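In case it helps, my numbering puts the sequence shown at residues -6 to 938.
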Amino acid sequence: MDLVLCHTTADFDALGAAVGLTRLKPGAKIVLTGGAHPAVRDFLALHRDEYALIERRSVNPKKIRSIVVVDTQLRDRTGKASEWFDLPHLTEIVVYDHHPNALTDIPATRSQIEPVGATTTLIVEHLQKLAEEQRSRGAEENVDYTCPTVPILTPAEATVMALGIHVDTGSLTYDGATPRDAAALAWLMAQGASLPVIAEYIDPGLSPKLQHLLKEALEKLQKTTQWGYTISWVLLPTPGYIPGLSSLASRLVEITESDALLLAAEYAARSDANEEKDAALNLPSEISNLRLTVIGRSQIEGVDLNQLFQPLGGGGHSQAASLILKGVEPQPALERLVEQLTAQIQQPPTARELMSSPVRTIRPETTVGEAQRVLLRYGHSGLSVVNAKDELVGVISRRDIDIALHHGFAHAPVKGYMTTNLKTITPDTPLTEIESIMVTYDIGRLPVLENDRLVGIVTRTDVLRQLHQDKTRGREIDPERERNGNLSYCPLPLSHLRDRISPPLWQLLSSAANAAEKRGWHLYLVGGAVRDLLLADNAEGEDINSPIALQDIDMVVDGFHQSADAGAGVKLAKELQKIYPHSRLEIHGAFQTAALLWHKDPELDNLWVDIATARTEFYPYPAANPEVEASSIRQDLYRRDFTINALAVRITAPRAGKLLDFFGGLLDLQARQIRVLHANSFIEDPTRIYRAVRFAVRLGFEIEPQTQGYIRHAIASGIYEQIQEKNSRAPALETRLKSELKYILHAPYWKPALRLLAELGALRCIHPTLELTEQLWWQVRLVDRCLRQFDREKTLEHWQMRLEVLIAALKPPYPGKVASNLQLPADSIQRLSQLQEAKTNIVESLPKCERMSEIVLLLRQYQLPTLILIAAFSPREVRHQIWRYLSELSHIKAPLNGNDLKALGYKPGRQFKEILDALLVATLDGEVSDRTSALAYLAQRYPQR
């Protein structure tokens, strides 16, 4: 006999998982080891006959072959059935559960314990595999099992399993719910699960007995507040064990709006066996017969009720757990639990950590039109208004400004439209209080004041983002999801960061963090280093114990309200150079950045560290260099190109190791896609198109569809051509574009990158008429082949030659102009400017050459880069002749050289070159073949006097 055991007071998840297992193990029987939850009991009163249920007392232990346990890992939770685990003839004991960190004492021979929302989900996944196997067999046997919805469950089976997932995941609303649970529910619906039955039993209501207890609980409820959270508890005397207390606890939380609740019921439970056991423990009779059932509910991040109850023999989930205590004094026991629960509550983030700073402000006399331009420049949704003493006097929102503009009051001062009845907070106001103020007064932004000075502002977006990150941070990580990179939130604790980089680099970061902390600054590791650390952690086959080689690191200083001056980054760089005197310091004042460079350092090797003050930027016109101003880390990340590069890790206390992801970069790393931060990004800076392609090809990512649309729109708009016509300089189409072209064309992946640029139409950034036709693509590859053949020592810049062949495809006089615009080297500009003239000369002259010497004398006047380019754009016959010259004729030497002539008595002078050229011509044309014939040739043509 094969048995499936549910834990005592079986819930729908235990029952649903057990029912599914009877399909996986045909003939297996389900045993409810000790009663059921009231809703389950009521459900079975109608549906018991649909399932393979048997009573525990009807089981003959001698006939048990195997045991499967669902939804628990503790013997005690299987009641008297736990005795069966010690039977010597069992073939196996299997455990299925969804609490990875729970205690376990069942002697399982095999187990599957994964962090999903319900144990039933694990069983559904096995049933899905079974269905797939059936379809595969059907295909082999020509049986129609091809329909994915062919049921392998009865509607009754699918319904109870769906109930198990619904109840344990709160219909997919609890934090522990996962995409796997949603997929399992969808499959069960396809199997015929009854939605009306599910709706009936998800919230069955309270029985009359529980309704009476609800009234009593509301009268006796006690509350306290910790960090803005409300913790409630109540102790109820009951005549005995009351089923359904979990439903009562949930209802209490809903009615009282408590953030956490402990509902305790004390009752007497005696038996002869208990009396003997209590006497042996010397417990007073008035205590020994007491039982205390505690039901816990919590919505507070960081509180783990399962962890709280487990040491006392209870358990469950982090947000919902239960406990039965024996022989304790109820009131002191409950108070200890309340104290322990309260101690688990972590201090929530404060306004100081959430706020944006410095705050963009205007004066009351500022016109509505000017305020609108400020909003446009900085992308804000509102502005703070301060008087001449920098005291906050009002706030004006974008909506207020829009209404004023609509009525034609662009010239009016904002003081007539701003809100003056303000709600403000301090830097130490906790998140819970901030959230409460925003909800109560329907306020979208709260100014942060310290000593009546405006030091920051907290917006709804700040609060929502923090709440989301807190929710996702608290979820248990599925190891399989982690290996596959499917992480919705992935904090980088400093211990982990320390383990993934070299010790000298960790010491450098620590020194920088310490120096920043002394000045009251926050310091962040940002951009590519964070991205590469996260990618390396989730790379298949990556050795997580080996350090990651980082040679280019960006750090950002965010001064917040303390010393938030523009030069913070430069000051920190100078302080670091004192610690590392062998580094080279470069300062770029215009952009408030500094760089420390190490070259072949014995510890740090080759390393480039950029340190910048947190800043925002504004492009005065498309393709211009940005104008920058000191700002907050949030604004600094927003100015970056793509979400995967807008990630930051704080390396200073407090909350060191906190990962900032304001724009969904982690999700895009999971999806392996490149996504731009805002729609006008490519209009402002066309080099971002090239960066998008570079990252996509290098990382094996895709450019997500909307970002592709933004790229195509920017190019099709013609804005780049307009800018070049109107402005004398467009740096993003000049030196910065050349830098991106160098990155791409120098990389080993240059071919797919170039094809992707062409597919997006991005080569038009180089010149509006440039397209990568099949002919040009062939010519680019031909030049690459020539470079590999004739410049194996890489004396030429190969990336530049690949660029030159693209430019050379333009009609004159554009090649020279484009080369000059990109600020290529002078020889490159000259080569491309004169290329058409050189090509014409060679194409016309080469067919007229009858002797090899004529070919050599014609082609040797041109340098290798010019010949390679001309070969790419010439007819086949000319191309073959140039190839022959480069590979063969150019290597032919005369038997005698200048030293030989000197030895023979010829004096260096004008005739020297003439003689050498004549010898070469004679050699090429076959008149001279060795030293003897060369000497004879000299004696005849150039006799010595």
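C-beta atoms are modelled at their ideal positions from N, C-alpha and C, and glycine is treated no differently.
Here the structure is a predicted model, which is why all the values come from computation and not from measurement.
Beta carbon of residue i nearer than 9 Å to that of residue j
i      : j      : result
Asp174 : Ala258 : no
Ile99  : Val52  : no
Val117 : Leu165 : no
Val388 : Asn380 : no
Leu518 : Asp492 : no
Leu950 : Val811 : There is simply no residue 950 to check, as the chain begins at -6 and stops at 938 in what is shown.
Thr452 : Ser539 : no
Pro57  : Leu146 : With the sequence shown as reference, residue 57 is identified as Ile, and Pro is not the correct amino acid for it. Contact flag unset, no.
Ile863 : Lys832 : yes
Leu37  : Ala29  : yes
Ala3   : Leu25  : yes
His0   : Thr65  : yes
Gly233 : Ala10  : no
Phe78  : Arg70  : no
Thr354 : Pro406 : no
Arg665 : Gln699 : no
Asp551 : Ala607 : yes
Val160 : Phe5   : yes
Lys567 : Leu578 : yes
Leu199 : Leu229 : no
Rounded distance between the beta-carbons of residue j and residue i, thought under 8 Å
i      : j      : result
Trp220 : Pro423 : 6 Å
Ile716 : Ala709 : Wrong, their Cβ atoms sit about 15 Å apart, outside the cutoff.
Gly254 : Arg290 : Reading off the sequence shown, one finds Leu at residue 254, where the question assumed Gly. Confirmed, Cβ separation roughly 5 Å.
Ile338 : Val296 : 6 Å
Ala605 : Gly560 : About 11 Å; that fails the 8 Å criterion.
Leu662 : Ile637 : 6 Å
Ser730 : Thr762 : Contrary to the premise, residue 730 reads as Leu rather than Ser in this sequence. That belief does not hold up - the Cβ atoms of Leu730 and Thr762 are roughly 16 Å apart, past 8 Å.
Ala927 : Leu889 : 5 Å
Buried or exposed (CB count within 10 angstroms, at least 16 for buried), residue i
i      : result
Pro189 : exposed
Leu211 : exposed
Trp771 : exposed
Arg643 : buried
Cys140 : With a pLDDT of 44 at Cys140, under the threshold of 50, the modelled position of that residue is not reliable, and no figure is offered here.
Pro31  : buried
Asn814 : buried
Lys382 : exposed
Ser129 : exposed
Tyr434 : exposed
Ala587 : buried
Ile248 : exposed
Ile494 : buried
Glu475 : Only weak support is given to the placement of Glu475: the predicted model assigns it a pLDDT of 39, under 50, and the value that follows is read from those uncertain coordinates. Its Cβ having fewer than 16 others within 10 Å, Glu475 is exposed.
Thr413 : exposed
Gly20  : exposed
Lys651 : buried
Val12  : buried
Gln628 : buried
Gly513 : exposed
His373 : buried
Lys906 : exposed
Ala261 : exposed
Ile394 : buried
Val773 : buried
Ala802 : buried
Ser315 : buried
Paired residues, beta bridge with residue i - DSSP
i      : result
Lys319 : Arg284
His581 : Thr586
Gln154 : Looking at the sequence itself, residue 154 is Met, so the reference to Gln does not match. For Met154, which the question treats as bridged, DSSP gives no partner whatsoever.
Ile712 : The partner list for Ile712 (beta bridge, DSSP) is empty, contrary to what the question assumes.
Thr412 : Val388
Met548 : Leu518 and Ile604
Trp450 : Reading off the sequence, residue 450 comes out as Ile, not Trp. According to DSSP, which records beta bridges pairwise, Ile450 is partnered with Ser349 and Pro440.
Self-check item: Ordered list of alpha helix (DSSP H) runs contained in the stretch 143 to 212, each at least 4 residues
Solution: 148 to 162, 172 to 183 and 188 to 195
Quiz item: What beta strand (DSSP E) runs, 3 residues minimum, are completely inside the stretch 662 to 744?
Solution: Counting only runs of 3 or more, we get nothing.
Quiz prompt | Complete runs of the alpha helix (DSSP H) confined to the stretch 835 to 882 [at least 4 residues] | solution = 845 to 852, 857 to 865 and 869 to 880
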